[in-house]
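S.K.: In my numbering, the protein residues as written are 162 to 541. Each residue gets a CB set at the ideal place from its N, CA and C atoms; glycine is no exception. To start, I am sharing the structure in question, which I have written as structure tokens.
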């Protein structure tokens, strides 16, 4: 039984393409998503032109936000080149007529060059907000009465207009000290773990079809080994593949990106439960399909489709209530809820027992169907 499981694991890493898709590709996605959606990354904003006092006030206002690193660049061409090369997330061009326009009543446009990336789009929204805040007192001063423009501008800036107070409440307990639940790498690592663990389990079902097609399974059945142990070995092999993929992502993200997975016992139990689900799904797919092409095509479709529905691509909190109910028809959503407890609320294995129970039910059903179908395929 152990030998069968070990052979399945060796076959996974023997193919060079699998090394990329199992090890390298998940880490690259975690890095890209983590840098794009948090993790303390401060985007760089280039500012070109504008050597006067009004431009200096605008740059100072941008720096005071703390949401960007302002970098002075030489001219428009240099700013465009730095944005295109990715050295700047965006660049704000201050035209020559900016000083006069701010002191008078004429309009002026400040071009903003940005990349089509989430961090750049967020930076653009922040820049537009600051520009409006700086421009409002200047526009008011342009239409004010007595005194020089600087005096009118000072009076306009000193005026305190009652604003709108926005109150908010944090739902759920915050994680304890040292937690990085607001870290983009945490969200990226948990979603990619579920996505790739299930996807690798399904695409790895081709190995089970090859075993049948080459007659290896029939030769094993011809040995004195009981048929039940052979089926158990194949099931253990499917779980080993899923568990290996999950451990690679869990340990790799912890070592490379500093992701903390919360309670070790709870994280291990959740990974094992989801690996059992993935192993059962892979066994059922490998037993039901006749060719490797069928298993690979359907495995990709189910792996990506169920991952998207279950919250491994789009956070469940962004979905309407009906879609969240549909999402919980998949094991991914229950596993996501479990990781949310562990990573966001300092949960333990006791707090994720409901999620573990549901995942265990999925695994039992899938393995029962997979064992029945594989036994029928091997003995007919």
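Apart from the five residues on each side of it in sequence, which residues of its chain come closer than 6 Å, Cβ to Cβ, to residue 272?
M.R.: Along the chain shown, read from residue 1 onward, the residue named residue 272 stands at position 111. Answer for residue 272: 254, listed in chain order.
S.K.: When burial is assigned at 16 or more other CB atoms within 10 Å of the CB, is residue 346 buried or exposed?
M.R.: Translated into the one-based positions of the chain shown, residue 346 becomes position 185. Result: buried.
S.K.: Under 8 Å by Cβ, that's how I've got residue 366 and residue 434 pegged, so tell me the actual separation to the nearest angstrom.
M.R.: Within the chain shown, residue 366 is the residue found at index 205, counting from 1. Within the chain shown, residue 434 is the residue found at index 273, counting from 1. Not quite, the Cβ-Cβ distance comes to about 20 Å (not below 8 Å), so this is no contact.
S.K.: Pull the bridge partners of residue 251 from the DSSP assignment, please.
M.R.: As a first step, residue 251 must be located in the chain shown, where it is residue number 90. For residue 251, which the question treats as bridged, DSSP gives the partners 206, 275.
S.K.: If you drop the 5 nearest sequence neighbours on each side, which residues of the same chain put their C-beta closer than 6 Å to that of residue 471?
M.R.: What you label residue 471 is simply residue 310 of the chain shown in a count that begins at 1. For residue 471, where only same-chain residues beyond five positions count, the Cβ hits under 6 Å are 488, 491, 493, 494.
S.K.: CB residue 359 to CB residue 442, shorter than 8 Å?
M.R.: Counting from one through the chain shown, the residue named residue 359 turns up at place 198. Counting from one through the chain shown, the residue named residue 442 turns up at place 281. Closer than 8 Å, so yes.
S.K.: Look up residue 257 in the DSSP assignment and say whether it is helix, strand or coil.
M.R.: Along the chain shown, one-based indexing puts residue 257 at 96. Residue 257: coil per DSSP, three-state reduction.
S.K.: When DSSP labels each residue in this structure, what does residue 327 get in the three-state scheme?
M.R.: Taking the chain shown and counting its residues from 1, one reaches residue 327 at position 166. In the structure shown, residue 327 sits in coil (DSSP, three-state: anything other than H, G, I, E or B).
S.K.: Quick one: give me the first and last residue of the alpha helix (DSSP H) that residue 171 is part of.
M.R.: Numbered from its first residue, the chain shown carries residue 171 at position 10. Segment 163 to 175, the alpha helix (DSSP H) holding residue 171.
S.K.: In whole angstroms, what separates the C-alpha of residue 356 from that of residue 275?
M.R.: Working through the chain shown from its first residue, we reach residue 356 at position 195. Working through the chain shown from its first residue, we reach residue 275 at position 114. Whole-angstrom Cα-Cα distance: 31 Å.
S.K.: How big is the Cα-Cα spacing for residue 239 and residue 189?
M.R.: By 1-based counting over the chain shown, the position of residue 239 is 78. By 1-based counting over the chain shown, the position of residue 189 is 28. Cα to Cα, the separation comes out at about 30 Å.
S.K.: What are the boundary residues of the beta strand (DSSP E) that residue 231 is part of?
M.R.: Numbered from its first residue, the chain shown carries residue 231 at position 70. Start and end: 230 to 234.
S.K.: Can you name, in chain order, every residue of its own chain whose Cβ lies under 8 Å from the Cβ of residue 206, other than the five neighbours on each side?
M.R.: Here residue 206 refers to the residue found at position 45 of the chain shown. The residues are 223, 229, 230, 231, 232, 249, 250, 251, 252, 253, 284, 288.
S.K.: Which whole-angstrom value describes the C-beta separation of residue 349 and residue 191, a residue pair presumed to lie in contact below a C-beta threshold of 8 Å?
M.R.: Counted from its first residue, the chain shown places residue 349 at position 188. Counted from its first residue, the chain shown places residue 191 at position 30. With 8 Å as the limit, residue 349 and residue 191 qualify as a contact, their Cβ atoms being about 5 Å apart.
S.K.: For residue 533, does the count of other Cβ atoms within 10 angstroms reach 16, so buried, or fall short, so exposed?
M.R.: Counting from 1 along the chain shown, the entry for residue 533 is found at position 372. Label assigned to residue 533: exposed.
S.K.: On the three-state DSSP scale, how would you describe residue 483?
M.R.: The residue you call residue 483 lines up with position 322 of the chain shown. Of the three classes helix, strand and coil, the one that applies to residue 483 here is helix, per DSSP.
S.K.: Between the segment 499 to 517 and the segment 446 to 455, are three or more C-beta pairs nearer than 8 Å?
M.R.: The answer is no - the segment 446 to 455 does not touch the segment 499 to 517, with fewer than three Cβ pairs under 8 Å.
S.K.: Quick one: what does DSSP say residue 489 is sitting in, helix, strand or coil?
M.R.: Reading the chain shown from its first residue, position 328 is the one you call residue 489. Three-state result, residue 489: coil.
S.K.: Kindly indicate which residue of 353, 218, 293 has the alpha-carbon position closest to the one of residue 464.
M.R.: Counted from its first residue, the chain shown places residue 464 at position 303. Nearest C-alpha to residue 464: 353.
S.K.: Can you check the segment 384 to 446 for any alpha helix (DSSP H) of at least 4 residues that lies completely inside it and give the ranges in chain order?
M.R.: If we require 4 residues or more, the alpha helix (DSSP H) runs fully inside the segment 384 to 446 come out as 388 to 418.
S.K.: Please report how far the alpha carbon of residue 482 lies from the alpha carbon of residue 476, in whole angstroms.
M.R.: Counting from 1 along the chain shown, the entry for residue 482 is found at position 321. Counting from 1 along the chain shown, the entry for residue 476 is found at position 315. Each residue's Cα considered, the two are about 13 Å apart.
S.K.: Classify residue 498 as helix, strand or coil using the three-state DSSP reduction.
M.R.: Numbered from its first residue, the chain shown carries residue 498 at position 337. It is helical.
S.K.: When we look at the beta-carbon of residue 175 and count the other beta-carbons within 10 Å, is it buried (16 or more) or exposed?
M.R.: Here residue 175 refers to the residue found at position 14 of the chain shown. Its Cβ having fewer than 16 others within 10 Å, residue 175 is exposed.
S.K.: Looking at the structure shown, is residue 246 part of a helix, part of a strand, or coil, going by DSSP?
M.R.: Walking along the chain shown from the start, residue 246 turns up at place 85. Three-state result, residue 246: coil.
S.K.: Give the single residue among 212, 183, 178, 177 whose Cα lies nearest to the Cα of residue 404.
M.R.: Counted from its first residue, the chain shown places residue 404 at position 243. Taking only the C-alpha atoms, the option nearest residue 404 is 183.
S.K.: Is the distance from the Cβ of residue 539 to the Cβ of residue 398 below 8 Å?
M.R.: To locate residue 539, count along the chain shown from 1; it is residue 378. To locate residue 398, count along the chain shown from 1; it is residue 237. Their beta carbons are not under 8 Å apart, which means residue 539 does not touch residue 398 by this criterion.
S.K.: Helix, strand or coil: which one does DSSP assign to residue 519?
M.R.: For the purposes of this step, residue 519 is taken as residue 358 along the chain shown, with counting starting at 1. Looking at residue 519 - three-state DSSP - the assignment turns out to be helix.
S.K.: Just reading off the alpha helix (DSSP H) that residue 374 is part of, what are its end residues?
M.R.: On the chain shown, position 213 is the one that residue 374 refers to. From DSSP, the alpha helix (DSSP H) with residue 374 extends over 367 to 374.
S.K.: Under DSSP, the alpha helix (DSSP H) around residue 361 begins and ends at which residues?
M.R.: The residue given as residue 361 occupies position 200 in the chain shown. Looking at the DSSP string, the run of the alpha helix (DSSP H) that includes residue 361 is 345 to 364.
S.K.: I need the straight-line Cα distance from residue 225 to residue 216, nearest angstrom please.
M.R.: Along the chain shown, one-based indexing puts residue 225 at 64. Along the chain shown, one-based indexing puts residue 216 at 55. C-alpha separation (whole angstroms): 14 Å.
S.K.: Tell me the residue span of the alpha helix (DSSP H) that contains residue 221.
M.R.: Within the chain shown, residue 221 is the residue found at index 60, counting from 1. Start and end: 214 to 225.
S.K.: For residue 452, is the classification buried or exposed, using 16 other Cβ atoms within 10 angstroms of its Cβ as the cut-off for buried?
M.R.: For the purposes of this step, residue 452 is taken as the residue at position 291 of the chain shown. Result: exposed.
S.K.: Under three-state DSSP, which class holds residue 270?
M.R.: Position 109 of the chain shown holds residue 270. In the structure shown, residue 270 sits in coil (DSSP, three-state: anything other than H, G, I, E or B).
S.K.: Taking the alpha carbon of residue 166 as the point to measure from, which residue in 280, 425, 392 has its own alpha carbon closest?
M.R.: Counting from 1 along the chain shown, the entry for residue 166 is found at position 5. Closest by alpha carbon: 392.
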